[in-house]
Ligand SMILES: [Zn+2]
Ligand SMILES: [Zn+2]
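In my numbering, the protein residues as written are 282 to 693.
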């Protein structure tokens, strides 16, 4: 009976060690003072729930400013994965009021205020007509929680839960610390007004299309831009996959967006140093269709893709910091080397779609290490349950210890 106790004690100590070995968000490396860094937080299109890519949201960092463009589902989760405190993001620019571009604003608004690194300045939101009204109602919707946490219980910063909102017109809407944001009208069919944005800083620039069909105004405002991030909707692929929509609904949606062939024409006219797709459905048709009308550098955006714009343009990936193998039992893969613009060439090759967790880690074998890995990634109640299951395994012959499928399924 001593052996099972020794094993149990060892496993308990291992669980305690593992609990201190939680993967931490990667520290943000200092950005060179003249660079713009873009992080694609969410790149998926439309309202449906997807687990591989989240909804539209793009972070632009420059001159000490962190500016968020759209805030679709999963934006706060991706910010956490990128190692950016929610409280650091207090300036939000909305392209239009479709829900898949704004549905995570309440989480950013409330959780940025109540997180460990609490926001103690107002959140400020710019967007089309209707933005102020939406933000006013948002404060009313969460009035109870705001009152309790601000006035009764935690006494969080009163200033941190204030909202400053702007219904904008086309033109420069923000100019601070050398970072200039210009809003320009795009054409999203009946969704009027809808905006794209251009950010200029220290001679570098990025433009974000928002939702639009081909727009001459976008071409005009994007001229000379380093990076153009554009939406796309491959029409034939969309028609073949949308069984729940009527033909009329499908054609209406297609008419409000830009096909890859049309986006290629836009890229050819704008001639950015790098063209990037964000806000697109999963489809193998996008790159080949774009290549019919555009032959320049092109990236198919993925969640947490980073694009650093300086003297050269580098495409990388933000994610969870890797664990030292010795302390966590994890085998960390070598970090992906960033690609320079010259390497991007005309290949139109995209980064893998795997989640950061799967890109950063791989397991050596089915063993206690897998259990420790599970422990670092499950809530306490599930951890206790798993500990009990493993303890039961530990009291049986050793061959049973390696039946990990049940444990593995618990974290998928
Ligand atoms: Zn839209
Ligand atoms: Zn959209």
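Built from N, CA and C at the ideal position, the CB exists for glycine as well.
- In the structure shown, residue 472 adopts coil according to DSSP, grouped into three states.
- Here DSSP, grouped into helix, strand and coil, assigns residue 444 to strand.
- By the neighbour-count criterion, in which a residue is buried when 16 or more other Cβ atoms sit within 10 angstroms of its Cβ, residue 527 is exposed.
- Listed in chain order, the non-local C-beta contacts of residue 520 below 7 angstroms within the same chain comprise 531, local neighbours out to five positions each way being set aside.
- Annotation for residue 337 indicates a beta carbon within 8 angstroms of some heavy atom of ligand 2.
- Contact check for residue 469 and residue 537: beta-carbon distance about 5 angstroms, within the 8 angstroms limit, so the pair qualifies.
- Taking 8 angstroms as the cut-off, one finds no heavy atom of ligand 1 near enough to the beta carbon of residue 388.
- In the structure shown, the three-state DSSP call for residue 342 is strand.
- Contact check for residue 584 and residue 324: beta-carbon distance about 6 angstroms, within the 8 angstroms limit, so the pair qualifies.
- In the structure shown, residue 539 falls within a coil segment according to DSSP collapsed to helix, strand and coil.
- In this structure, DSSP gives residue 425 a helical state, which the three-state scheme calls helix.
- Looking only at 434, 355, 343, the smallest Cα-Cα distance to residue 458 is reached by 343.
- Between the region 344-356 and the region 417-429, the count of Cβ pairs shorter than 8 angstroms is below three; the stretches do not touch.
- The three-state secondary structure of residue 511, taken from DSSP, is strand.
- The criterion of a C-beta distance shorter than 9 angstroms is not satisfied by residue 557 and residue 598.
- For residue 317, the enclosing beta strand (DSSP E) stretches over residues 317-323.
- According to the DSSP assignment, residue 567 belongs to the alpha helix (DSSP H) that extends over 567-571.
- For residue 444, the distance from the CB to the nearest heavy atom of ligand 1 is not below 8 angstroms.
- In the structure shown, residue 347 falls within a strand segment according to DSSP collapsed to helix, strand and coil.
- The count of Cβ pairs closer than 8 angstroms, one atom from the region 580-596 and one from the region 537-548, stays below three, leaving the stretches out of contact.
- In the structure shown, residue 531 adopts helical secondary structure according to DSSP, grouped into three states.
- Of the heavy atoms belonging to ligand 2, none sits nearer than 8 angstroms to the Cβ of residue 470.
- The three-state reading of DSSP puts residue 416 in helix, counting H, G and I together.
- When rounded, the separation of the alpha-carbon atoms in residue 477 and residue 492 is 8 angstroms.
- DSSP places residue 455 in the uninterrupted beta strand (DSSP E) bounded by 452-457.
- Between residue 397 and residue 441 a beta carbon distance of about 13 angstroms is seen, past the 8 angstroms cut, so the two are scored as non-contacting.
- Residue state for residue 485 is assigned as strand, using DSSP reduced to three classes.
- For residue 587, the enclosing beta strand (DSSP E) starts and ends at 586-590.
- In this structure residue 406 does not touch residue 454 by the C-beta definition: roughly 11 angstroms separates them, more than the 8 angstroms allowed.
- Annotation: the continuous beta strand (DSSP E) that includes residue 581 extends over 579-581.
- Rounded to the nearest angstrom, the Cβ distance from residue 389 to residue 367 is 6 angstroms, consistent with a contact under 8 angstroms.
- Its chain contains 336, 352, 353, 354 as the residues whose beta carbon lies nearer than 8 angstroms to that of residue 384, once the 5 sequence neighbours on both sides are disregarded; these appear in chain order.
- Put simply, of 435, 479, 471 the residue whose alpha carbon is nearest the alpha carbon of residue 452 is 479.
- Within 8 angstroms of the C-beta of residue 496 there is not a single heavy atom belonging to ligand 2.
- Under DSSP, the beta-bridge partners assigned to residue 556 are 509, 579.
- Looking at the backbone, the Cα of residue 413 and that of residue 497 are separated by about 28 angstroms.
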